[in-house]
Every structure is written in structure tokens, then in C-alpha cells.
Amino acid sequence: MLSNGFIRNHAIEITADSGISRFQYYARSKVVESEAFRIVNEEWKKLFMAMVCQLNQLSSEKLGFIPNLHLDDFVYLRDPEQFAHDFKHDPEGLVGATYRFKCSDGYTRLFVIKRVLYRAEGIIGRASVVVEVECVCNESGCQWHGERKVMKISFPSRRRPSEDALIREARSKAESTGDPWALNHLPQIIDSITITYDESTVQDRLKTHLNEKYEERVMRVTILEKLHPLSELIDPRDFAQVFYDILQIHQWLYECVGILHRDLSSGNIMFRRKDGKICGVLNDFDLSSRVRNMDKGPTSNHRTGTRPFMSIDLLDPDWKGGHLYRHDIESLFYIMLCLACRYERPNVPTPEPRAYAVWFSGTDQQVLDNKTAFLTRPCTKAIPIQPYFAGFKRWLKRIRKKLHIGYIRRPVYLPEESGIDSDDDESPDSDEDPNFDWDTLNKRASYTTMRSIMSSFQGKSLETRWANWNRDH
1 MLSNGFIRNH
11 AIEITADSGI
21 SRFQYYARSK
31 VVESEAFRIV
41 NEEWKKLFMA
51 MVCQLNQLSS
61 EKLGFIPNLH
71 LDDFVYLRDP
81 EQFAHDFKHD
91 PEGLVGATYR
101 FKCSDGYTRL
111 FVIKRVLYRA
121 EGIIGRASVV
131 VEVECVCNES
141 GCQWHGERKV
151 MKISFPSRRR
161 PSEDALIREA
171 RSKAESTGDP
181 WALNHLPQII
191 DSITITYDES
201 TVQDRLKTHL
211 NEKYEERVMR
221 VTILEKLHPL
231 SELIDPRDFA
241 QVFYDILQIH
251 QWLYECVGIL
261 HRDLSSGNIM
271 FRRKDGKICG
281 VLNDFDLSSR
291 VRNMDKGPTS
301 NHRTGTRPFM
311 SIDLLDPDWK
321 GGHLYRHDIE
331 SLFYIMLCLA
341 CRYERPNVPT
351 PEPRAYAVWF
361 SGTDQQVLDN
371 KTAFLTRPCT
381 KAIPIQPYFA
391 GFKRWLKRIR
401 KKLHIGYIRR
411 PVYLPEESGI
421 DSDDDESPDS
431 DEDPNFDWDT
441 LNKRASYTTM
451 RSIMSSFQGK
461 SLETRWANWN
471 RDH
């Protein structure tokens, strides 16, 4: 219900099974369920019907439907005669809907949804919906009329810095510090609004009642420049240049702006064409954080990342070391690995069973176990790289080896626990060094190491956008 059809920030449901009923409230931060009850007599029946009638009197927004979105096909939601409507899981169900957006330039624009680019599954979390829209407003002077944009609707944590603020900060830094190259590799925010939940809402009352057990969220609507997905690339060398661009802009953001992306995935790597060249763009900063504000844990109650591409550490519930920049580098490795091994050529999946399938369908623990075995056990099988992507063999073998050695040789304990069992015999297979660099697995997963591997492809240099990078990192 929250992953299909009309976009909602919450949903209210009544379930009945063998005479036992419950009221349930599904929100982006918590699922709340009433105690089970039975309608045992006429008084209980009247009370139950009164509650149902009261729910029917709620406004669309109090029922969870986001404001300003209009979808003709959903008029039946107010018609009891059509409660038996056949719901279809149709990702394109939003096509044709309109959204009214009050822009920062004073215009109120009307967008019609032309295509659904992405819609997250599940209840808890950001629940991002990304759509391609066209401006159809008729206000005089509107320069957007007829133009295609991308609109993202999401429900991020209220405590997290906003995506538009981080991107604008990065773009401003590029312009003011003589790094204009970086602008080609950052998304362009056109406009953004944030809607908070005031004291009249269920969300606010739940926060008051549950305190820290309830994570406050906001609704954020962002209008962005339309970019191109990885799936539109054809030449393996273009893929390689885009991945190398992502490494460079990620490093620049971390070292020069103090922003860590924290959610590298195949869907968050885009590209644009600039002066006839393909430029990789690091997209989606919803989970990004300012490095200076990061502690040893996520700023949300949930681990950040896209599971198939998450690092071993971040999949491990016992990991206490926070989100490090090498975790994003490990994610980039998985993205390249999955492209080269799970596709015969662009947009043509390999036959089933596909490589690393458990990363996409398994539980967190299954993905953790599989990735741990993949990176830490001896490499007895060759990486199943498809012939079309054979040029990535050198990259993938070298990066895997670096991560393999880094993981198996890191100390048993994090620095704050290094005194535990200090009288034990030291393992000859680990770097039992109090100065071990956990941020980079002793330089094996550093920017410098990755640049040395990724700066050329099939014996030919790729374009280095950031020439004045810090080689000490």
C-alpha cells in the first residue's frame, strides 16, 4: 500500500481474522498496531462502526495522501461501493498524475508525471519516488513550460542535512575555489521544498509518545536537471571513464567540501554530456553527511546504503566503526563487479542463475556471509566477467586483492578495544599495529590506491579531471 499507487506518507488499516480485529498505522518510521479485539456485542459493533466512520471523515492528508498530488484513477478511495477495487502492482500507475509545486521564484507550476524512473519498496525509510515530469503550467512568463525535469519525492530523516543544501554547498565550493571541473560531476538542483509535520499530525504525537524510538521525518520534493542513467552507455571505455569520474568527485567532496556520500549504487551513478564528452555524475545525496558532524554511527536509526552494494562492515550489526570513506570505495567495486558479471552487454542480463544473486535477494545476514566469503577466502574461482566487459578484469582483480588483504590482515580489535587480551599470541596473518589505518585498511583501500588502478583502462589513460588532488590520502 505504501509502495504502490498514490504516494503516501502513512496508511491506516483494519485487519480482521477469525473474529479478531486490529487497527494498524504504517508510517515511514514505525509500524504501530492496536491490541487485538473482538466485536462481542452490539455495543462493540457500534464503537467499531463509529471509528470506521470517523476515519472516513478524515481529510486526504490525514489519511496519508501527500498534498498537491492529483491522480484521477484514485477517486474510488472515497467511494465505499468500490472498496473491492482490484489493486495492481503497476510501477507506471503514477503516469498522468499532476503535482502542483510552489517554486522559489514565486511561480506555482503544474507538473504532469510522464515516466516513473524509480520507486522504493518497503515501509520504513526514505521511500524515494523519482519521476520524469513535464511543466504544463500556463502562467505567463514561465520559462519551464514544456520542459522535462526530474522530480524526487522522499521522506528523509529530519536530523539529516537536506540534499539540496549539500549539493548547493558543493557547487558553491567548486565555483569559489577554482575547481569548476567538479560542477560537471555534481547534480543540478533546480528547486526544493520541505514539508514538516506539525503538532496536529499523528507523526508529531507519536514522536511525543515514543521519544527516541520514533525517528522524525520530513517530506521533501526536489526538482532536478534530467541526467542519463548508466544503462544508456554502450562503450566499456565510457563506463570506465564514468567510474573514474565518480572516484574523483567522491574524493573531492570528501577532502575539499567535507561531504561523504554514503550511498553509492548503480542507480546513483549517472552521466551528462558536456562539450561532446561523457561526464560521470554522483547523484542522490539524501543519505550524505558532513564529515565534521559524523560520529561513530549513522545519523539515522537505519544503516545507510543500498544492500547489494553495501560494504561488509556496514552489513555487520556488530560494526562500531562508523561509515568510512573506504566503505564507499568498496561499494564502487561492487557496482563495477555486478555490471561486468551480471550483464552480457549493456541492458542484457546474463541467464539465470546470475552471479551474486544472493546480494539482491538475500537477508542482511546472508549478504554479509556471502560477501565476507567472497572477499576473505582464497580466490579459488575466477571472477565471472562477461566477454563484453573483459576490459574491467584488471581493475576488478586488483581491487579485490587489495580488499582481500586489507580485511584478512586488519587487527582483531578496533583501536578503542586494542587492549583486550593483549597477552594473547599475535596472529602472524594480521597487521597487529597500533597505528593500523582503519580508514583505508592500511592504504589498501585509499583514494591513492584506487586512482593508481582506475586511471587507465586497457592500457590507455583515462581523463583525470582533478589534477591537484592530495596524494597523501
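According to UniProt numbering, the sequence shown holds residues 1 to 473 in order.
We treat Cβ as the ideally placed atom computed from N, Cα and C, and that holds for glycine.
Which of the three DSSP states, helix, strand or coil, is assigned to residue i?
i           : result
Ala165      : helix
Leu260      : strand
Asp191      : strand
Glu426      : For Glu426, the pLDDT reaches just 47, beneath the cut-off of 50, and the residue's location in the model is therefore unreliable, although a value from the coordinates is still provided. The answer is coil: DSSP assigns Glu426 none of H, G, I, E or B.
Ser104      : coil
His70       : strand
Pro353      : coil
Val348      : strand
Ser172      : helix
Ala182      : helix
residue 515 : Here the chain has residues from 1 to 473 only, and residue 515 is not among them.
Val242      : helix
Pro434      : coil
Pro229      : strand
Gly280      : strand
Ile399      : helix
Leu462      : coil
residue 488 : Any question about residue 488 goes unanswered here, given that the chain covers just 1 to 473.
Lys393      : helix
Lys381      : coil
Phe309      : helix
Lys213      : helix
Ile234      : coil
Ser265      : coil
Thr299      : Residue placement at Thr299 cannot be trusted, given a pLDDT of 46 that sits under 50; what the coordinates show is reported in the next sentence. Three-state DSSP puts Thr299 in coil, outside helix and strand.
Here's a check: name, in chain order, each residue in its chain whose Cβ is nearer than 6 Å to the Cβ of residue i, leaving out the five neighbours to either side.
i      : result
Gly64  : Arg8, Asn9, His10 and Ala11
Tyr107 : Glu139 and Cys142
Arg345 : Tyr388
Trp319 : Asp313
Pro67  : Glu61
Thr196 : Val218
Asp191 : Cys103, Ser104 and Ile223
Tyr118 : Val130
Ile39  : Lys45 and Phe48
Pro308 : Trp359 and Phe360
Excluding the 5 residues flanking residue i on each side, which residues of the same chain have their C-beta closer than 8 Å to its C-beta?
i           : result
residue 475 : As displayed, the chain neither begins before 1 nor continues past 473, which places residue 475 out of reach and without an answer.
Val95       : Ile113, Lys114, Arg115 and Val116
Mind checking residue i: buried by the 16 CB within 10 Å criterion, or exposed?
i      : result
Val31  : exposed
Trp219 : Reading the sequence as shown, one finds Met at residue 219 and not Trp. The residue in question, Met219, is buried, as its Cβ has 16 or more Cβ neighbours within 10 Å.
Gly19  : exposed
Glu330 : buried
His327 : buried
Asn435 : exposed
Ala382 : exposed
His209 : exposed
Tyr413 : exposed
Gln203 : buried
Glu445 : The sequence given here places Ala at residue 445; Glu does not occur at that position. With 16 or more Cβ atoms within 10 Å of its Cβ, Ala445 is classed as buried.
Lys149 : buried
Gln248 : buried
Phe457 : buried
Looking at the unbroken beta strand (DSSP E) that takes in residue i, where does it start and where does it end?
i      : result
Phe111 : Thr108 to Arg119
Glu132 : Val129 to Cys135
Phe271 : Ile269 to Lys274
Lys443 : Note, Lys443: premise wrong, no beta strand (DSSP E); not H, not E.
Val412 : Note, Val412: premise wrong, no beta strand (DSSP E); not H, not E.
Leu314 : Careful: Leu314 lies outside any beta strand (DSSP E), inside the alpha helix (DSSP H) at Ile312 to Leu315.
Arg159 : Neither: Arg159 is in no beta strand (DSSP E) and is coded neither H nor E.
Val221 : Met219 to Leu224
Would you mind reading off the limits of the alpha helix (DSSP H) that contains residue i?
i      : result
Met454 : Tyr447 to Met454
Arg342 : Tyr325 to Arg342
Phe374 : Asp364 to Thr376
Leu210 : Val202 to Leu210
Ser361 : Val358 to Ser361
Ile124 : Element bounds for Ile124: n/a, residue is neither H nor E.
Return the chain-ordered list of same chain residues with a C-beta closer than 7 Å to the C-beta of residue i, the five sequence neighbours on each side being excluded.
i      : result
Phe37  : Ser21
Val257 : Glu169, Ala170 and Lys173
Cys279 : Asn184, His185, Asp245, Phe271 and Arg272
Asp439 : Leu324, Tyr325 and Arg326
### Task
Return the chain-ordered ranges of every beta strand (DSSP E) run that is complete within the segment 14–67 and spans a minimum of 3 residues.
For the segment 14–67, whole beta strand (DSSP E) runs of length 3 or above, ordered along the chain, are 20–27 and 31–33.
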